[in-house]
Each structure stands twice: as C-alpha cells, then as structure tokens.
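Report on the structure given below.
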Amino acid sequence: AAIFGSAQQQTLEVVYDGVGGRVGFAPNGCN
Amino acid sequence: AREKQKRELDFHTIRLSSLFPSSSAPRVLSTRASNTKSSLHVTHRHGTCSRLTNGKATSPPDHAEILKLDQARVNTIHSKLSKKLPDLIRQSTSTDLPAEDGSAYGSANYVVTVGIGTPEHDQSLMFDTGSDLTWIQCEPCVVSCYYQEEPIFNPSSSSSYRNVSCQSAECSSLSSATGRAGICTGSSPRSKCIYIIQYGDSSYSAGLLAKEKFTLTSSNVFDGVNFGCGGNNQGTFLGVAGLLGLGRGELSFPSQTAAAYNKIFSYCLPSSSSYTGHLTFGSAGISSSVKFTPMSTIKNSPSFYGLDMIGISVGGQKLEIPPTVFSTPGALIDSGTVVSRLPPKAYAALRSAFKAEMSQYPTAAGFLILDTCFDFTGFETVTLPRVSFTFSGSVVVDLEPTGILYSPTTSYYCLAFAGNDDDGK
Numbered sequence: 001a002a003i004f005g006s007a008q009q010q011t012l013e014v015v016y017d018g019v020g021g022r023v024g025f026a027p028n029g030c031n
Numbered sequence: 032a033r034e035k036q037k038r039e040l041d042f043h044t045i046r047l048s049s050l051f052p053s054s055s056a057p058r059v060l061s062t063r064a065s066n067t068k069s070s071l072h073v074t075h076r077h078g079t080c081s082r083l084t085n086g087k088a089t090s091p092p093d094h095a096e097i098l099k100l101d102q103a104r105v106n107t108i109h110s111k112l113s114k115k116l117p118d119l120i121r122q123s124t125s126t127d128l129p130a131e132d133g134s135a136y137g138s139a140n141y142v143v144t145v146g147i148g149t150p151e152h153d154q155s156l157m158f159d160t161g162s163d164l165t166w167i168q169c170e171p172c173v174v175s176c177y178y179q180e181e182p183i184f185n186p187s188s189s190s191s192y193r194n195v196s197c198q199s200a201e202c203s204s205l206s207s208a209t210g211r212a213g214i215c216t217g218s219s220p221r222s223k224c225i226y227i228i229q230y231g232d233s234s235y236s237a238g239l240l241a242k243e244k245f246t247l248t249s250s251n252v253f254d255g256v257n258f259g260c261g262g263n264n265q266g267t268f269l270g271v272a273g274l275l276g277l278g279r280g281e282l283s284f285p286s287q288t289a290a291a292y293n294k295i296f297s298y299c300l301p302s303s304s305s306y307t308g309h310l311t312f313g314s315a316g317i318s319s320s321v322k323f324t325p326m327s328t329i330k331n332s333p334s335f336y337g338l339d340m341i342g343i344s345v346g347g348q349k350l351e352i353p354p355t356v357f358s359t360p361g362a363l364i365d366s367g368t369v370v371s372r373l374p375p376k377a378y379a380a381l382r383s384a385f386k387a388e389m390s391q392y393p394t395a396a397g398f399l400i401l402d403t404c405f406d407f408t409g410f411e412t413v414t415l416p417r418v419s420f421t422f423s424g425s426v427v428v429d430l431e432p433t434g435i436l437y438s439p440t441t442s443y444y445c446l447a448f449a450g451n452d453d454d455g456k
C-alpha cells in the first residue's frame, strides 16, 4: 500500500472519525 | 502579472533556515492544546519542547538510523498486508532490521504525556495510529526495562490498578491487537493475561494486561482503560515510557473511549521541534475548514486507517498517473511512518516532475531510501514546486515545505518521498 507518512502530515489538522468512517484534513492545524 | 501570480500559487519560496528549528527560538505552545479541555500537547521526542530532553535520551538518532527504522516499519506494514505471513515471530539478531511479523513501530517521533494511575503519574507515550495496544513499562522489571526519563510506573503504588483475567474478552482481543493471543498465567479462572507485542525492528514489550485510570486532563479522566503493563521491554524506545495505540481495533484508546469521544480524534504534528502540536479527543475545536475523505478498510489489517489516494500534483500540474496505480495496492495514513511511500509508477512520475521544476539547482547523491537530492550550498532561499495529494471526495491536501524536502544536513536536501519496490505494494 501507499503510506501517507508523518513528514507529509506536518502542520495539517488531521481528523479521524471512526464512527463516521472518514478522515479529514485542514491546513494550519497547529495554530 | 498573471504568470507571477500563478507562480506564487504553484511554488513555495522559502528560507532554507526555516526548515530547521532555531536554536534561539522560544518554545511555542499550541494554542489548541492549551485551550481545549480534551487536548494534549504533542512534541517532537527529541525537541526542545519535549519533557524528555533533560536526561540520557537527549541525543536524537541520526538520519540514517531514522530512515532505517522507518523502512523497518514500512516492511512490517507491508508484511501485515500480505497474506504471506509466517505464523511465528522470529527473533532477529541482525542489524539490517528485517521485516518480521510484528506490529509496526519505527522512528515515531511524536510524544504526548498522559497521567496514569492513582495518584496519577505522568508518562510520556509515543502516539501511533498504526497500532492498537497501549503499553507502558512497569515495575518490577521482571526481565528487563530500557532507560526512560520518568520513573517507571509501579502498579503496587496505584489504588486504581487491576489485572485483567485470562478468561476476559479483553484478553481475547489481544490476538487482533498484537498478532499474538494472550497467555494465561495458570489454569484457574482467576489467572492473569499476559501480552507480548513485538515490533518490526525486533523491539518488544511483554507483561500483564491490566486496567488503569488514564487522565488526559483534569476533566477528561477514564477509569478501567485496558493497557499493557510491561515487565520485559527492549528496543528503540529510549526515553519514553511506552506507546499510545490509536489504531482502529477494539483495544485501541479511541475504541475504549468511544462512549465519550465517539472514536473521533485529531492531531497536528509540529513542523519544528521548537513548536508543539496537539492531540485532541472528541470533536471540540475541529476546524470548519476540514475536508473529509472516506476511510477505507485495509484487507487483513483492520487496525489501519485506509485512504483512497487518487492523484498527485506538482507545481500546479496534475501528474499523469493511471487511477489503478493507486487503487490496486490501496493506501493508508500512519503517524508512525516518517517518509510517505508511493507505488513505483506514482513515485517515478512525482520524481520526474519535481526534478524538472528543480533543474536550476545542483543535484547530490541519494541518501538511503531518498534518491532525489540537491546540494543547496550557497543558497539562502529556494523555490520549490508545491506538491499536493488528492484523496477521494476531491479532498486536496497541499503539503508544507517540510513535507516536500527532507534534510539530512543543512545544505543537503532530498525529496521526502520513496517508492515501494513493486506496484502491488
């Protein structure tokens, strides 16, 4: 499988919604 | 003017120094982590914001070691996804970190601090979306423990500690969480449950499956969280107390706290060790600008968070990659893998487009898994093509410069991606 790793996730807001079955992304998540 | 505007949209012009933590920079704490009741600060394991930088564990592993461990983790993930798994985990004494049928662990560098027990003891845990079982080192270290900065947790000093029975459903869940069934300490119904979790680089933790009180913040306290209390621990965990399992399986922390948080959590990984990010449970504070892509399930490995990757753009140009290149092997997101891995055809297209846009810069020799490198000696700023990934649902994720370049040294920079060794992976 392709793997989207932590270097590429830096500063993004990454959201895991286990019940909703979705993963979300937004820029500038550390601010 | 239009060309200039387009170039600004499709390229980053950055100071190279911005890719490194400044030695004079103050620690900058995440406001999200400070202001949200269910948030923890996320720090680089070896950074200036970490609680772990005062003692023996201060020196970070070098980049060769980080990338070697990263490849061990990726090999493990690929082994788990294939059906060609050996039934038994083989101990390896070689130094080339072969893929074993273990759980995935590599050079995960992000740490949170959780209060465990009553009274509560702060324990720094690496967080990992690629595995389920949370474990910490426990006294007595029956066989061995590695060095950790904080005092090792002693269950006999906690009033909320309880062992898990061998007959319990939790003990049965170990098979899917660790790849190994729980072991009973005896034949009586009151016998305890022993877990063993071994990682792809031959690191391991073993001990009693137990329940404890976990305190995230003063208002987010959970009694009876199942975790591994390890009296036999060895490996590349130097400095930290253990690991926080954030996978999708039943024993993971998000699954155990589902009644409170509905299996929702979010994080931001800081780009520099001078900053903290956050790990937040529940939906509080989630940005309204978040765009969602469906989570897929990876065959044979339901603990992983699968994604449908459908395209890559470089410098505003969508690469010509047939959809099956991504859909055949599938994709997953993992907080513990450092460098993203791509199917060979997708990686070749990315590399070719990136090299073309960077043709004004001198190239340099490759560095282990990174084969596209540049020598920026003499440059203060560089202009990089923007790189973005598209996931199903038209979710476009634009990467920061720190996600495009990996720098083993201050003048030596490499494209921060690697190709898998066959298109089936």
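Chains as they are written, first to last, in the working numbering: chain H, 1 to 31; chain E, 32 to 456. Built from N, CA and C at the ideal position, the CB exists for glycine as well.
Per DSSP, the unbroken alpha helix (DSSP H) holding VAL105(E) starts and ends at 94–112.
Taking C-alpha positions only, ASN31(H) is separated from ALA449(E) by approximately 29 Å.
Sequence-ordered contacts of the stretch 357–378 of chain E with chain H read PHE357, PRO360, GLY361, ALA362, LEU363, ILE364, ASP365, SER366, GLY367, THR368, VAL369, VAL370, SER371, ARG372, LEU373, PRO374, ALA377 [C-beta pairs closer than 8 Å]. Only residues of its own chain outside the window of five on either side were considered, and among them ASN28, GLY29, CYS30 have a CB closer than 7 Å to the CB of THR11(H), listed in chain order. Put simply, of TYR141(E), LEU240(E), LEU247(E) the residue whose alpha carbon is nearest the alpha carbon of PHE258(E) is LEU240(E). Taking 8 Å as the threshold, the shortest C-beta distance from ARG221(E) to chain H does not fall below it.
For PHE357(E), the enclosing alpha helix (DSSP H) has its first and last residue at 354–358. One alpha carbon belongs to LYS330(E), the other to GLY361(E), and they sit about 10 Å apart. The distance from the Cβ of LEU338(E) to that of ILE364(E) is about 5 Å, consistent with a contact at the 8 Å cut-off. Inter-residue distance for SER234(E) and ASN185(E) is about 22 Å (C-alpha atoms, whole angstroms).
Within a 10 Å sphere around the beta-carbon of VAL142(E) sit 16 or more other beta-carbons, which makes this residue buried. Close to ALA447(E), with beta-carbon spacing below 8 Å, are these residues of chain H in chain order: ALA7, GLN8. Rounded to whole angstroms, PHE335(E) and GLY409(E) show a C-alpha spacing of 43 Å.
When Cβ pairs closer than 8 Å are counted between the two stretches, the stretch 143–152 of chain E is seen to touch the stretch 59–75 of chain E, the count reaching three or more.
Flagged as an interface residue toward chain H: MET326(E), by a C-beta distance shorter than 8 Å. Given a length threshold of 4 residues, each whole run of the alpha helix (DSSP H) inside the stretch 191–229 of chain E is given here in chain order: 200–203, 205–209. Each residue's CA atom was taken as its position, placing VAL15(H) and GLY316(E) some 11 Å apart. The continuous alpha helix (DSSP H) containing ARG33(E) extends over residues 33–41. Just measuring C-alpha positions, the residue of PHE398(E), LYS376(E), PHE407(E) sitting nearest SER390(E) is PHE407(E). For LEU60(E), the CB contacts under 7 Å within the same chain, skipping 5 residues up- and downstream, are HIS72, THR307 in chain order.
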